[in-house]
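One structure below.
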Amino acid sequence: MVLEGAIIYSNLLVLLALGLTLTYITTNVPNFAQGSFAIVGSYIAVTLLRIFHIHPYFSLPFLLIAGAIVGFSTYLILKPLVARRADVEILMIATLAIDLILLGTIGAYSEILSKIVGFTQAKFVFSQLDFSIFGIKGIFFVSIAVTLLLLFCLYLLLYKTKFGTALRASMENPDLAETMGINVEQTRAFSWALSGALAAVAGGLLPFMQEIVPMTGDIIIISIFASSIVGGLTHITGALVGGYIIGLSESLITYYLSSIFGTGFLVYGKVVALVIMIITLLFVPSGIMGINWGKRPKK
Amino acid sequence: MMDILQLILLWFGIYYIVAVSLNMEFGYAGIPNFGKALSVLVGAISVGGILNRLLIWYFGVKGDLIEGSTFAIARMNEIIAAHPLAGIFLLLIAILLAMVVGFVVGMIFILPSAKLKADYLGVTLLAISEAIFLVCVYNLSIIGGYYGISTPDILAFAPGEKRGWIFAGIVLVFAFLSFLFMEKLLNTPYGRVLKAMRENEDVVKCFGRDIMKLRMRTMAIGSAIGAIAGVLYSFYTGNIVANSFTRVEWTFFPFLMILLGGKGNNKGVALGVLAYVIVIVFLDIYKYDIKEIFHIPFEPVWLTYILFGITMLLILYYKPTGLIPERPVKTPPVKRIMED
Amino acid sequence: MKFTLGNEMIEVRGLNAGYGKLQILFGIDAHVEPHKITTIVGPNGSGKSTFLKSLFGLNDIYSGQIIYKGQDITRVPPYEKVRMKIAYLPQTGNVFVNLTVEENLKIAGYVLDKARVKERIDVALSVFPELKKILKRKANTLSGGQRQFLAMGMALVREAEFLMLDEPTAQLSPKLAEVIFQKIIEMRDQFKLTILLVEQNAKRALEVSDNGYMFVSGKVAFAGGAKELLEHEKFEEYFLGISGS
């Protein structure tokens, strides 16, 4: 049961961390709004459910598009600053500002939605809508399937298409990519759209395992950053590795410790993520995938 | 109207202390301290978590922190009502305590990331601050969590109508002291090294200064000052609710004030704080009228978030140097040249 | 200096350029003749590399004009210039190290259609047969010479007509440098490429060139035939002690 929850959580973290890493690599922006991207997805899913009676599992394709729009819009807002080559501190403050705008919008929207449907939408869960197979929650299978599918598509995109090669080329060396005739600006915008889309899908699944409030994004952001940093902020595969490390340890270690020290320990989940992140930063600042595993380029 | 002025002065003082210390960290030293809220929380912990416990122990009150505080505070307030000096003494003790704790916490706070690049640094500081905030909210035994605990009324001797004014006065005194301290400190070679570090770390390294030590010292001092604001805020409201030490309130808004006023300039920051405080005080007073007039179908607080978020972006776009830009460093030789 | 209008591949008039507030180039007038190798030499910090970057649009141009085949391209973004068959090879980081050799060659033909890319890769491999055996290797496993071959091969894939090379022989052994020079000549003769070369290895570079420029402190100190520049009295003055490297 605990492992089940831990795996669900890890799957979602992977999707979120992937987006964070992607936009960090392409635009050098550590995006503090990534958590709120997800919650935008959650609220769109609940809207589709309450008003159009669409089951959240079926609204995922729509979330993909809506999330892409949110991600792309964020990039448009950041673009003048990126173009000006603003310091990374300034870019971080800008994403904090965008996060605050999203939080305000989500909060306001949650109250409007409550008025429309007649009962409060400030907090909600989807778990009552879930199916189960042999006593295992549906979200377990769905989150695995969705994550694998998205990862597979991402792999095909990055390694089997011309645009994907161009995308990897601009991640590695934007100036050189420009000299190849690649519109780097376009690849940046695309990575933000992709990041938003992945986050929104994660957001659509998140209410199946925890209660959503407008602030949820601001809490989950710690785990997202921890995942990306532990895996290595400059490697896409890092998000994958980091997501599972943080997701599993946050759930399992916290559970284990709370079984010793009592349930009061459950609030320390984020502390576990934080401690793992700090240990990584102290010993391997470039993250697990940043380690040169015995391979050295020949000179 | 006078009440509004009093509120403006009070909030100006509290926020100025936070902003001026953040200005040293961010404006001067270039440390993106996205965990500024932690230092304010430390002030609250010093009052609610330490001072209250000392009072409970002193008066020999039974019960847990939340219950015990209520009784101990009642006893303390009786004493202060009779002996005003006891209130002042308590305030000074709390501030001293908070500064010491803040100093130590600030140093430990930046330790894991003191050597890292700005982006990792900012993320780590935010994450540490946020994690500690969450623990303080959900673990009721630290400062009462979301349930809250009461704090001593250091002005229990003053009549109700004067209390606000006296408190505003106290806050302004501490704000002014913080300003003087920072101006003095930052006009020494230390302040100039901080600015040099912000511009180019390598140059500072070449002069044999250790970046890590500089950053630790800066964060220690910054957090000690920031903690003062936490103490004053906790005493002013008469209780501590952990939920009120949010990142938005105590990190994002101070950043907004600094960038609005002009980072790296303590006077500019004062202007930024004042502008913010005036807006927020009026918004707070008239928010329900605004809601009525414009038929806003939700809590006005969400609208403030959106508006302040947009304001921040506009500042970053059009006025990144703020209202009063940073002055060039005036070393004695430079002053001489400029005066000639 | 004489301009024979209409016959230049590229013509630069009064170029002032640099990085942000730091101006590096001051009123440069220059022109490059088609199907010839033009080499720019000059001491360190004279603005040679910045000149190439400016032509490609990678830094700030304050004033002046860049005319390419009679068209003003001063403000044209780099990725558009690629479509105009202009190629620029930076000194370092001129291949994508995380991509394989094959992927690098393919990405070089990004603006071409698929069939054409294939054709061009075959052309590039015929000039640089050394690359054939290492197509599947990641570029970060290549030697310095192999990387340079790859970078130049990529320029061929791009169907470049005008090729700018920034110190292609830097950090290569004299023997390997000589191979690179021979490939540059081959590219001019076989594909009628126009080549603009910036070289630290000034003497040898000018020997294989048709025309030469000397830059000093961001200004043109000499313009003319490569031979004339080699024999110019000032040449020794500026390059004594540097030319041999």
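Residue numbers (the working numbering), protein chains in the order written: chain F, 1 to 299; chain V, 300 to 639; chain E, 640 to 884. The C-beta atom is built at its ideal place from N, Cα and C for all residues, glycine as well.
Residues that residue i bridges to, as DSSP identifies them
i              : result
I652 (chain E) : In the sequence under discussion, the amino acid at residue 652 (chain E) is Arg, which differs from the Ile named in the question. Paired residues: E:Q704.
M853 (chain E) : E:V680 and E:F861
H670 (chain E) : E:E650
D711 (chain E) : E:I706
F124 (chain F) : F:I212
K586 (chain V) : The partner list for K586 (chain V) (beta bridge, DSSP) is empty, contrary to what the question assumes.
K137 (chain F) : F:S132
Simplified DSSP assignment, three categories, for residue i
i              : result
N565 (chain V) : helix
Q730 (chain E) : coil
F861 (chain E) : strand
S882 (chain E) : Caution is warranted here: a pLDDT of 42 is assigned to S882 (chain E), below 50, making its placement in the model unreliable, and the coordinate value is therefore given only provisionally. In the structure shown, S882 (chain E) sits in coil (DSSP, three-state: anything other than H, G, I, E or B).
D363 (chain V) : coil
L308 (chain V) : helix
I592 (chain V) : helix
V436 (chain V) : helix
P297 (chain F) : Low confidence applies here, because P297 (chain F) scores a pLDDT of 43, under 50, leaving its location unreliable; read the following figure in that light. Of the three classes helix, strand and coil, the one that applies to P297 (chain F) here is coil, per DSSP.
F767 (chain E) : coil
T739 (chain E) : strand
Y604 (chain V) : helix
Q662 (chain E) : strand
K675 (chain E) : coil
I448 (chain V) : strand
I623 (chain V) : coil
K777 (chain E) : strand
D175 (chain F) : helix
L644 (chain E) : Per-residue confidence for L644 (chain E) stands at a pLDDT of 49, beneath the threshold of 50, marking its modelled position as unreliable; no derived number is given.
Residue j beta carbon less than 7 Å from that of residue i
i              : j              : result
L925 (chain E) : L804 (chain E) : Because chain E here runs from 640 to 884, residue 925 (chain E) falls outside it and cannot be looked at.
L274 (chain F) : A336 (chain V) : no
G857 (chain E) : L815 (chain E) : no
Y327 (chain V) : L558 (chain V) : no
I291 (chain F) : G35 (chain F)  : no
F124 (chain F) : I65 (chain F)  : no
V734 (chain E) : L789 (chain E) : yes
L395 (chain V) : I453 (chain V) : no
G334 (chain V) : I427 (chain V) : yes
Y707 (chain E) : I667 (chain E) : no
V272 (chain F) : I253 (chain F) : yes
S449 (chain V) : I372 (chain V) : yes
F801 (chain E) : I725 (chain E) : yes
S251 (chain F) : L13 (chain F)  : no
V201 (chain F) : L16 (chain F)  : no
D130 (chain F) : G118 (chain F) : no
V317 (chain V) : G525 (chain V) : yes
A393 (chain V) : L350 (chain V) : yes
Chain V residues whose Cβ lies nearer than 7 Å to that of residue i
i              : result
F225 (chain F) : V422 and A426
L100 (chain F) : V547, F551, Y604, F607 and G608
Chain-ordered neighbours of residue i on chain F, where CB pairs are closer than 7 Å
i              : result
A747 (chain E) : M180
L389 (chain V) : Going along chain F, no residue has its Cβ under 7 Å from L389 (chain V), so there is no contact; the nearest lies around 31 Å.
Within chain F, the residues that residue i reaches when beta carbons sit closer than 9 Å
i              : result
P411 (chain V) : M277, I278, I279, L281 and L282
E429 (chain V) : D218, I219, I221, I222, K270 and L274
Residue i: contacting residues in chain V (beta-carbon distance under 9 Å)
i              : result
L103 (chain F) : V547, W601, Y604, I605 and G608
Contact set between residue i and chain E, taken where Cβ atoms lie within less than 7 Å
i              : result
N173 (chain F) : G732 and F735
A169 (chain F) : F735, L738 and I746
N183 (chain F) : Y718
Range covered by the alpha helix (DSSP H) that runs through residue i
i              : result
F801 (chain E) : Looking at the DSSP string, F801 (chain E) is not in any alpha helix (DSSP H); the run it does join, the beta strand (DSSP E), is F801 to D805.
V530 (chain V) : I510 to T536
A328 (chain V) : Taken as a continuous stretch (DSSP letters only), A328 (chain V) belongs to no alpha helix (DSSP H), as it is neither H nor E.
G203 (chain F) : V184 to L205
K687 (chain E) : K687 to F695
N11 (chain F)  : V2 to T27
Within chain F, partners of residue i - CB distance below 8 Å
i              : result
E598 (chain V) : G107, A108 and E111
V530 (chain V) : The contacting residues do not exist; V530 (chain V) stays about 25 Å from chain F at best.
L615 (chain V) : L81, A86, I90, I93, A94 and A97
Delimiting residues of the beta strand (DSSP E) encompassing residue i
i              : result
I288 (chain F) : From DSSP, I288 (chain F) is part of no beta strand (DSSP E); its letter is neither H nor E.
L836 (chain E) : T833 to V837
Closer than 9 Å at the beta carbon, the chain E residues around residue i
i              : result
A166 (chain F) : I746 and Y749
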